[in-house]
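Numbering (the UniProt record's numbering), first residue to last: 98 to 408.
Glycine residues also receive a C-beta, built at the ideal position from the N, C-alpha and C atoms.
For reference, the structure is listed below as structure tokens.
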Amino acid sequence: YIPKDNRYSYQYVVKLIDRLYRNQQVKVLVVDDSVVSRKFVRMLLEHHLFQVIEANDGEAALAILEQEDDIQLLITDYNMPIIDGVELILRVREKYNREDIAIIGLSNDNDESLSAKFIKNGANDFLQKPFVHEEFHCRVLNTLDSLDMMRNLWSKANRDYLTKIYTRLYFFSEHNSKDSENALLSVALLDLDYFKKINDTHGHDVGDQVLIEFAQRLDNAFGSNFTVARFGGEEFVVAFKGLDDIKTTTLMDKFREQCEANPMQTTAGDLVVTFSCGVATRNNETLDQTLQRADELLYQAKTAGRNQVIR
Ligand code: GH3
Ligand code: MG
Ligand code: MG
Ligand code: MG
Numbered sequence: 098y099i100p101k102d103n104r105y106s107y108q109y110v111v112k113l114i115d116r117l118y119r120n121q122q123v124k125v126l127v128v129d130d131s132v133v134s135r136k137f138v139r140m141l142l143e144h145h146l147f148q149v150i151e152a153n154d155g156e157a158a159l160a161i162l163e164q165e166d167d168i169q170l171l172i173t174d175y176n177m178p179i180i181d182g183v184e185l186i187l188r189v190r191e192k193y194n195r196e197d198i199a200i201i202g203l204s205n206d207n208d209e210s211l212s213a214k215f216i217k218n219g220a221n222d223f224l225q226k227p228f229v230h231e232e233f234h235c236r237v238l239n240t241l242d243s244l245d246m247m248r249n250l251w252s253k254a255n256r257d258y259l260t261k262i263y264t265r266l267y268f269f270s271e272h273n274s275k276d277s278e279n280a281l282l283s284v285a286l287l288d289l290d291y292f293k294k295i296n297d298t299h300g301h302d303v304g305d306q307v308l309i310e311f312a313q314r315l316d317n318a319f320g321s322n323f324t325v326a327r328f329g330g331e332e333f334v335v336a337f338k339g340l341d342d343i344k345t346t347t348l349m350d351k352f353r354e355q356c357e358a359n360p361m362q363t364t365a366g367d368l369v370v371t372f373s374c375g376v377a378t379r380n381n382e383t384l385d386q387t388l389q390r391a392d393e394l395l396y397q398a399k400t401a402g403r404n405q406v407i408r
């Protein structure tokens, strides 16, 4: 697989070998109405160990995308019956962002504006047929590299580095959209009680252990049905979609009791950690305003003696 041509840099070859290992896990969907073209692209891809899936038209491609999870790259021809490659890309991009799937357009059409058309409508790259094999491989490699980079950046932005639960950014991107404005939503804002004392008494590292353990407990309790995020320092937030403040408070209070009853195991020994919580339901207002009200209730819970949930 290593190009014999010495014009390829050492770095390129290293990159190529590294990719060959990973390519075996990468699914590529090849869409072309011509069997010959499809088989040719398949052959090039399989030469680099990719998993290849074929579709002979746009509709079939859309159906495969529905069924197969995690197709990383879509390579599509332009001229096809019913829907052409550009139309296909438009439809794919309605559902899949650039961090979900990468797209390369192919065509032997002489239309000079075709590459711009493909790229403007959501393709990452375009190749004019016939092409040199090495160019095909270089472009596939570059496209997948940028997909990896994008996915990497997204997961860094969405997951908190210390606790691994969602970030505040993710929380807002999930629940701050216009179309979710009228849906029933309650938020619970949690703040650990006397957390500074844990840091001061046992050190920052033990404080970190508590944060990790607490985040894990919260995520285990609510993460599979609701959005659980770290809001900042030792503050956490849960979005209870479809629940009113009464149901939310009941759930949160049960969790509070469990927390109090189960000390956390740390390198400084078992520690009982409690939290205070404010619960508010969205009521014709922005998410910020709901959180503001939850924060006021949280403050009330603190002044009323901590270790309680107030709605
Ligand atoms: P209260 O019951 O009123 O909430 O008191 P508290 O001590 O929990 O509140 P305070 O806001 O005074 O302290 C929060 C502390 O959390 C201060 C900060 O140093 C610490 N903290 C914030 N982020 C981290 C972190 O990532 N790791 C550790 N170990 N500590 C953190
Ligand atoms: Mg065609
Ligand atoms: Mg705090
Ligand atoms: Mg606190």
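Under 8 Å between the Cβ atoms of residue i and residue j?
i: residue 150; j: residue 165; result: yes
i: residue 172; j: residue 125; result: yes
i: residue 208; j: residue 177; result: no
i: residue 268; j: residue 324; result: yes
i: residue 375; j: residue 348; result: no
i: residue 189; j: residue 200; result: yes
i: residue 411; j: residue 314; result: Only positions 98 to 408 of the chain appear in the structure, and residue 411 is not among them; the question remains open.
i: residue 283; j: residue 340; result: yes
i: residue 241; j: residue 170; result: yes
i: residue 158; j: residue 128; result: yes
i: residue 243; j: residue 221; result: yes
i: residue 280; j: residue 214; result: no
i: residue 266; j: residue 392; result: no
i: residue 342; j: residue 262; result: no
Which residues mark the beginning and the end of the alpha helix (DSSP H) in which residue i is found?
i: residue 137; result: 132-144
i: residue 225; result: Premise fails: residue 225 lies in the beta strand (DSSP E), 222-225, not in any alpha helix (DSSP H).
i: residue 150; result: Where residue 150 is concerned, there is no enclosing alpha helix (DSSP H), although the beta strand (DSSP E) it sits in stretches over 148-152.
i: residue 387; result: 384-400
i: residue 345; result: 342-358
For residue i, does the three-state DSSP call read helix, strand or coil?
i: residue 165; result: coil
i: residue 280; result: coil
i: residue 106; result: coil
i: residue 327; result: strand
i: residue 232; result: helix
i: residue 199; result: strand
i: residue 406; result: strand
i: residue 263; result: strand
i: residue 320; result: coil
i: residue 242; result: helix
Taking 8 Å as the limit between beta carbons, can you name the residues of its chain near residue i, skipping five residues before and five after?
i: residue 238; result: 112, 113, 116
i: residue 194; result: none
i: residue 229; result: none
i: residue 141; result: 230, 233, 234
i: residue 371; result: 289, 290, 353, 356, 357, 403, 404
i: residue 296; result: 303, 304
How far does the beta strand (DSSP E) with residue i in it extend, from its first residue to its last?
i: residue 177; result: No beta strand (DSSP E) contains residue 177, which DSSP labels as neither H nor E.
i: residue 337; result: 332-338
i: residue 378; result: 372-378
i: residue 123; result: Neither: residue 123 is in no beta strand (DSSP E) and is coded neither H nor E.
Leaving aside the five residues before and after residue i along the sequence, list all residues of the same chain whose C-beta is less than 7 Å from its C-beta, in chain order.
i: residue 352; result: 318
i: residue 331; result: 288, 289, 292, 308
i: residue 259; result: 305, 308, 309
What residues in its chain sit with their C-beta under 6 Å from that of residue i, if we drop five residues either side in the sequence?
i: residue 387; result: 284, 377, 379
i: residue 123; result: 147, 169
i: residue 350; result: 406
i: residue 399; result: 373
Q. Whose CB is closer than 6 Å to a heavy atom of ligand 3? List the residues in chain order.
A. One residue after another in chain order, those with a Cβ under 6 Å from a heavy atom of ligand 3 are 288, 330, 331, 332.
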